[in-house]
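A short write-up of the structure that comes next.
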Amino acid sequence: MDRFVKGFIVMSIAYLGISTVLGIIMLAQQNALGLKFVHSHLNMLGWVSMMIYGVGYHILPRFMGRPLYSNKIGEAQFYLSNISLVAMLVFYALNTYSPSGTYRTLTVASGAVQAFTVFLFFYNMLMTLFTKVEQPH
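Heads up: the sequence shown at position 131 corresponds to 564 in the working numbering, and the numbers run straight through without jumps.
Right, dumping it as structure tokens:
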């Protein structure tokens with residue numbers, strides 16, 4: 434299993450744990466309800482998407498009987514998606530409790546990087562699935 438694939442799966446599980454604890458905190462502390470966005474994005478972009486990336490990168494090339502189009506894209510996506518997710522959620526939380534144009538801008542910029550990482554996955558998977566591979570003679 435490639436290092437970045439294992440990284441996606443490990444981080445997915447970590448985000449699930451963090452979002453679960455945050456959910457309990459939100460139930461116990463009404464003033465933490467402003468973090469619903471953080472909680473939901475830890476679940477969807479952290480837990481679900483990271484698991485899909487990891488499993489997808491590991492399984493889909495094998496289903497096609499060919500190598501992944503680009504491990505470098507997968508590796509870059511791993512770092513960019515994790516850094517941008519954490520940044521987006523930190524800046525969102527800071528903006529929730531101390532509103533600032535700077536925090537809002539950084540939240541949006543981090544979200545844009547997060548969207549870019551989705552397209553990296555999309556591109557890498559489509560190139561893996563549809564690029565012709567030369568067969569040995």
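Think of the CB as a built atom: it goes at the ideal place given N, C-alpha and C, for glycine as much as any other residue.
- With contact defined as three or more Cβ pairs closer than 8 angstroms, the region 446–457 and the region 474–493 are in contact.
- The beta carbons of N528 and T540 sit closer together than 9 angstroms.
- Beyond the five residues adjoining it in sequence on each side, I442 comes within less than 7 angstroms, by CB distance, of M484 and G487 in the same chain, given in chain order.
- With at least 16 other beta carbons inside 10 angstroms of its own, N515 counts as buried.
- A contact is defined here as three or more CB-CB pairs under 8 angstroms, and the region 489–496 fails this definition with respect to the region 530–537.
- Where N528 is concerned, the enclosing alpha helix (DSSP H) starts and stops at N504 to Y530.
- Distance from the Cα of L522 is smallest, within the candidate group F470, S482 and E567, for F470.
- In this structure, DSSP gives S482 a helical state, which the three-state scheme calls helix.
- Only residues of its own chain outside the window of five on either side were considered, and among them P494 have a CB closer than 7 angstroms to the CB of P500, listed in chain order.
- When the five nearest sequence neighbours on each side are left out, the beta carbons in the same chain lying within less than 7 angstroms of the beta carbon of T550 are those of Q510, L513, S514 and S517, in order along the chain.
- The three-state reading of DSSP puts T540 in helix, counting H, G and I together.
- Each residue's CA atom was taken as its position, placing F552 and L559 some 10 angstroms apart.
- Note on G479: 16 or more other CB atoms within 10 angstroms of its CB, so buried under the neighbour-count rule.
- Cβ-Cβ separation between A526 and L468: approximately 6 angstroms, consistent with a contact (criterion under 8 angstroms).
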